[in-house]
Amino acid sequence: QIRHLGLRWNNTSGAGVPDKLIQLWETGKPALLTLEIWSQVMNRYTGQKNMLDQINDGEFDRKINELAAYLSKQTQPVWLRLNPEMEVHVDRYPWQMTSPAKYKASFQRIAGMIRKAAPGVKMVWAPAGYAGTEEYWPGKSYVDLVTVTLKSGSEGMTDKYPEEKSLTAL
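The sequence shown runs 4 to 173 under this note's numbering.
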């Protein structure tokens with residue numbers, strides 16, 4: 004009964020509320036939003052600013068505030084899952100293979116802004132359950148729900164996870 008929508012941002016300008024998000028509310032069902040914030044520049048090895056630095060320096064504030072203002076007007080329960088699978092050491096998302104301190108600071112910044120404008124929104128921390136997960140924990144005052152991503156795209160990019168087996172093979 005919960006609807007899920009992924010939002011992918013790749014610029015810092017305010018762009019209003021996406022049509023897909025508006026359509027989600029028309030269903031009247033609770034919503035899980037996965038927010039992925041991507042840097043315009045994907046190569047983090049060139050010395051150009053990383054998206055976590057952009058978030059922490061306030062470059063996404065306008066966009067975050069627009070989303071928070073919109074979410075504050077919704078009557079359905081809302082869970083906001085932010086930049087998942089952060090601890091897996093692969094190059095799938097721009098927030099992976101980065102500083103845990105910067106990730107935590109960006110999560111805390113966004114959660115703080117959302118909570119201030121839309122206190123009913125529940126913040127979701129979503130690691131993949133990989134070794135080192137605890138280094139990215141933003142703290143219980145910023146997280147309402149913890150999920151673990153099973154069979155993620157990040158998981159498929161590394162051989163650190165055990166191969167899947169059927170129950171009959173066990």
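Positions of the beta carbon are idealized from the N, C-alpha and C atoms, including for glycine.
Original post:
Can you tell me the Cα-Cα spacing of K105 and K143, whole angstroms?
Top reply: Rounded to the nearest whole angstrom, the C-alpha separation of K105 and K143 is 17 Å.
Original post:
Should S109 be labelled buried (16 or more other beta-carbon atoms within 10 Å of its own) or exposed?
Top reply: S109 is classed as buried because its beta carbon has at least 16 other beta carbons within 10 Å across all chains shown.
Original post:
In its own chain, which residues sit with a C-beta less than 8 Å from the C-beta of D147, not counting the 5 before and 5 after it?
Top reply: Hits under 8 Å: W82, K125, M126, V127.
**OP:** May I ask you to report which of helix, strand or coil DSSP gives A34?
**Re:** It is a strand residue.
Subject >> Residue environment, S42, which counts as buried when at least 16 other CB atoms sit within 10 Å >> reply: Buried, because 16 or more other Cβ atoms sit within 10 Å of the Cβ of S42.
Original post:
M45 to H92, Cα distance in whole Å?
Top reply: Residue placement at M45 is flagged as unreliable, the pLDDT there being 49, under the threshold of 50; a coordinate-derived value is accordingly withheld.
Original post:
Given that a residue counts as buried once 16 or more other Cβ atoms are within 10 Å of its Cβ, and exposed if not, what is S157?
Top reply: Residue confidence is low: S157 scores 48 on pLDDT, short of 50, so the model does not pin down where it sits. Its coordinate-derived value is still stated next. Under the 10 Å beta carbon count, S157 is surrounded by 16 or more other beta carbons and is classified as buried.
Subject >> Residue range of the alpha helix (DSSP H) that includes G132 >> reply: In the DSSP annotation of this structure, G132 is not part of any alpha helix (DSSP H), being labelled neither H nor E.
Subject >> Beta-carbon separation (whole angstroms), L55 vs L36, contact threshold 8 Å >> reply: With a Cβ gap of about 20 Å, L55 and L36 do not count as contacting.
Subject >> For G174, the first and last residue of its enclosing alpha helix (DSSP H) >> reply: No answer is possible for residue 174: it lies beyond the span of the chain, which begins at 4 and ends at 173.
Subject >> Residues near A72 by beta carbon distance below 8 Å, same chain, minus five either side >> reply: For A72, where only same-chain residues beyond five positions count, the Cβ hits under 8 Å are A120, A121.
**OP:** May I ask you to report which of helix, strand or coil DSSP gives E69?
**Re:** Assignment of E69 by DSSP, reduced to helix, strand and coil, places it in the helix class.
Original post:
In or out: T49 buried (at least 16 other Cβ within 10 Å) or exposed?
Top reply: Note that T49 scores 49 on pLDDT, short of 50, meaning its location in the model is unreliable; the coordinates nonetheless yield the value given after this. The residue is exposed, with fewer than 16 neighbouring Cβ atoms inside 10 Å.
**OP:** Check R95 in the structure and name its three-state DSSP category.
**Re:** Note: R95 maps to coil in three-state DSSP.
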